[in-house]
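In this note's numbering, the protein residues as written are 6 to 655.
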């Protein structure tokens with residue numbers, strides 16, 4: 006969905022504040038309360054449709070004009086046992102009337118579809134929050150399966166919360182009794198009943214969801230109407246029941262964004278669109294050679310839908326074949342991409358080294374997840390940085406680009422393509438599961454805002470021998486970029502040898518000469534070191550005396566949202582702190598060393614054990630302080646704010 010917004014402003018993440026008023030649109034005699042932001046978490050079995058429920062609530066929230074940020078959380082197993090803690094699937098949505106940066110630290114509302122969902126999430130729920138529970142699932146066996154000795158809805162253990170017991174299953178079956186569905190079929194619509202209830206509770210639009218359901222189940226109109234009926238029944242239940250005496254309004258974030266047309270977008274979708282845009286701006290066909298792997302598979306799925314834009318997708322038999330096909334497409338003159346996650350990068354490493362040797366443009370998209378080995382397939386981590394930097398045999402330098410938000414994945418894809426095409430080199434694009442599956446509003450750019458990425462292929466001889474003969478040298482370099490010519494196979498007179506054995510400078514012939522190898526290794530390194538990247542920008546507001554902070558927090562990738570939210574909290578408490586964020590990790594921005602030297606303390610939060618901090622210490626001899634987390638979940642802003650306060654006061 007898209008929406009138009011105008012004006013610009015930036016506000017700090019606000020506290021949950023409200024203004025009470027009574028209004029007829031909240032139902033007969035019901036109170037409507039205005040809030041500046043809300044965090045909702047839907048939780049249930051992986052088969053309960055929590056991701057679909059969250060997606061629909063998010064889509065309606067985006068069309069309404071709120072700023073938003075989401076955090077889907079999937080079980081690590083394809084089909085974990087029903088009713089167990091490992092099988093719980095959740096979807097958290099933070100939406101507001103102002104600019105926000107994260108999915109929120111803790112939910113104000115938890116919708117728990119069964120005892121497992123309640124137990125798995127109650128630790129994150131603050132006192133006084135709203136909990137909506139499906140009482141039909143709180144029977145002896147499901148409760149015993151997750152370790153409840155007594156019914157938490159009756160034993161007083163939830164007295165600190167505002168609990169709303171709702172027999173979601175029973176109410177859904179009753180609402181659908183005229184559809185001739187079996188009990189099991191009717192039960193599947195209970196997520197739509199819950200969605201209808203929450204849509205009433207927060208004044209979300211409904212037309213889009215009803216249209217979506219009819220389209221999704223177009224071949225099964227009876228099922229489509231059953232879901233629409235369950236959705237409406239949930240809305241009507243909220244409006245008529247006495248248990249929900251208050252509904253809430255969160256106004257559109259009209260002051261949060263520059264003027265433009267916006268839509269809600271996930272990181273993987275934004276990255277897919279960025280790759281298509283890059284290929285169009287380069288006037289090249291886009292080729293994806295890939296093997297399915299969580300959480301990167303969505304890119305393969307999405308790009309396969311866009312053959313009309315000159316996109317070719319190849320689902321290979323394994324990771325090695327996927328990147329081999331992509332490198333072959335690069336040799337043939339395509340904008341070539343391979344997508345994977347950490348385990349796949351390990352398998353692709355030899356071919357990445359071959360791409361370094363061949364000096365061909367290739368995008369390696371790594372959607373990072375928890376490791377090592379299979380690790381946590383559905384959880385997020387930033388632990389592939391050193392693998393991207395050094396995970397190949399020999400000296401095989403590769404530029405590295407990392408997006409900071411789901412929407413920024415679009416721009417990062419364009420930037421990575423720019424580097425690959427300009428410098429004839431493979432480029433790593435490091436996203437992660439948090440960005441890939443999370444979503445936020447994205448301003449759809451105008452075509453004339455996109456960079457011109459067109460390249461010139463070699464068309465004829467480029468070197469004159471001593472005897473005056475004109476020949477083609479495949480490794481004769483551009484003096485500014487050190488890029489070698491890109492010669493499309495089949496072009497008359499441009500025949501040349503490729504392969505992994507070291508090439509002679511200029512001619513591209515096989516060479517075992519030690520001096521030539523030394524020269525070629527240093528030249529490939531110099532080419533990457535010379536990649537043009539913008540200076541890192543520092544946000545360091547000065548005080549009334551013109552003095553800035555003495556502590557810098559430096560992040561990369563998806564830590565941008567939590568770090569920025571934490572910085573806002575620290576500054577809101579009256580303390581000074583500077584912030585900078587890196588998109589380019591190889592090469593680093595040219596001014597990074599000077600920036601680091603300006604501060605007494607540098608704090609580097611990462612979702613690994615300190616990989617960027619290790620690189621900074623080695624290159625700049627700076628005492629970078631690591632703050633690390635490898636829980637499979639993003640940082641929480643409040644916890645990070647406390648870490649930053651301690652660093653400032655240390």
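The C-beta atom is built at its ideal place from N, Cα and C for all residues, glycine as well.
| Item | Value |
| --- | --- |
| From the DSSP secondary-structure annotation, give me the bridge partner or partners of residue 136. | 115 and 168 |
| Residues in its own chain within less than 6 Å of residue 651 by CB, not counting five upstream and five downstream? | none |
| Tell me whether residue 355 sits in a helix, a strand or coil according to DSSP, three-state version. | helix |
| DSSP has residue 629 in a bridge; who is on the other side? | 607 |
| Are there 16 or more other CB atoms within 10 angstroms of the CB of residue 100, so buried, or fewer, so exposed? | buried |
| Counting C-beta neighbours from all protein chains within 10 Å, is the total for residue 292 16 or more, i.e. buried, or is it exposed? | buried |
| Measure the Cβ-Cβ separation of residue 199 and residue 173 and say whether it is below 9 Å. | yes |
| Between residue 401 and the rest of its own chain, which residues show a CB-CB distance below 6 Å, the 5 nearest in sequence each way excluded? | 358 and 361 |
| Please report the residue range of the alpha helix (DSSP H) in which residue 647 lies. | 642 to 654 |
| Could you compute how far the alpha carbon of residue 649 sits from the alpha carbon of residue 632? | 9 Å |
| What is the rounded straight-line gap between the Cα of residue 613 and the Cα of residue 575? | 23 Å |
| Can you check which of these residues, 611, 543 and 578, is closest to residue 602 by C-alpha distance? | 543 |
| In terms of residue numbering, what span does the alpha helix (DSSP H) encompassing residue 522 cover? | 519 to 534 |
| Is the beta carbon of residue 367 less than 9 Å from the beta carbon of residue 341? | yes |
| Roughly how many angstroms separate the alpha carbons of residue 410 and residue 623, rounded to a whole number? | 28 Å |
| Checking 9 Å against the spacing of the C-beta atoms, do residue 50 and residue 92 come in under that value? | yes |
| Given this structure, state the Cα-to-Cα distance separating residue 637 from residue 353, to the nearest angstrom. | 24 Å |
| By how many angstroms is the C-alpha of residue 381 removed from the C-alpha of residue 639? | 14 Å |
| In three-state DSSP terms, what is residue 508? | strand |
| Report the three-state DSSP secondary structure of residue 309 (helix, strand or coil). | coil |
| With which residues is residue 584 paired in a DSSP beta bridge? | 544 and 558 |
| Which residues in the same chain as residue 114 place their Cβ atom closer than 6 Å to its Cβ, once the five residues preceding and following it in sequence are excluded? | 45 and 135 |
| Relative to the alpha-carbon of residue 423, which residue among 79, 102 and 457 has its alpha-carbon at the smallest distance? | 457 |
| Does the contact criterion of 3 or more C-beta pairs under 8 Å hold for the segment 232 to 247 versus the segment 195 to 211? | yes |
| Count the other C-beta atoms from every protein chain shown that fall within 10 angstroms of the C-beta of residue 459, then say buried if there are 16 or more, exposed otherwise. | exposed |
| Given a threshold of 16 other Cβ atoms within 10 Å of its Cβ, counted over all protein chains shown, does residue 373 qualify as buried or as exposed? | buried |
| Is residue 557 near residue 587, with beta carbons less than 9 Å apart? | no |
| Measuring alpha carbon to alpha carbon, tell me which residue in 286, 492 and 196 is nearest residue 59. | 196 |
| When you compare only the Cα positions, how much space is there between residue 439 and residue 347? | 15 Å |
| Tell me which same chain residues have a C-beta within less than 7 Å of the C-beta of residue 304, skipping the five on either side of it? | 273, 276, 277, 344 and 370 |
| Which value, in whole angstroms, describes the spacing of the CA atoms of residue 29 and residue 140? | Because residue 29 carries a pLDDT of 44, less than 50, the predicted location of this residue cannot be relied on, and the following value inherits that uncertainty. Rounded to the nearest angstrom, the two C-alpha atoms are 30 Å apart. |
| Drop a sphere of 10 angstroms on the beta-carbon of residue 62, count the other beta-carbons inside from all chains shown, and report buried for 16 or more, exposed for fewer. | buried |
| Judging by CA-CA distance, which residue of 566, 494, 484 and 156 is the nearest neighbour of residue 408? | 566 |
| Under a three-way DSSP split, which group does residue 491 fall into? | coil |
| How many Å lie between residue 184 and residue 48 at the Cα? | 27 Å |
| Taking the alpha carbon of residue 580 as the point to measure from, which residue in 547, 288, 605 and 175 has its own alpha carbon closest? | 547 |
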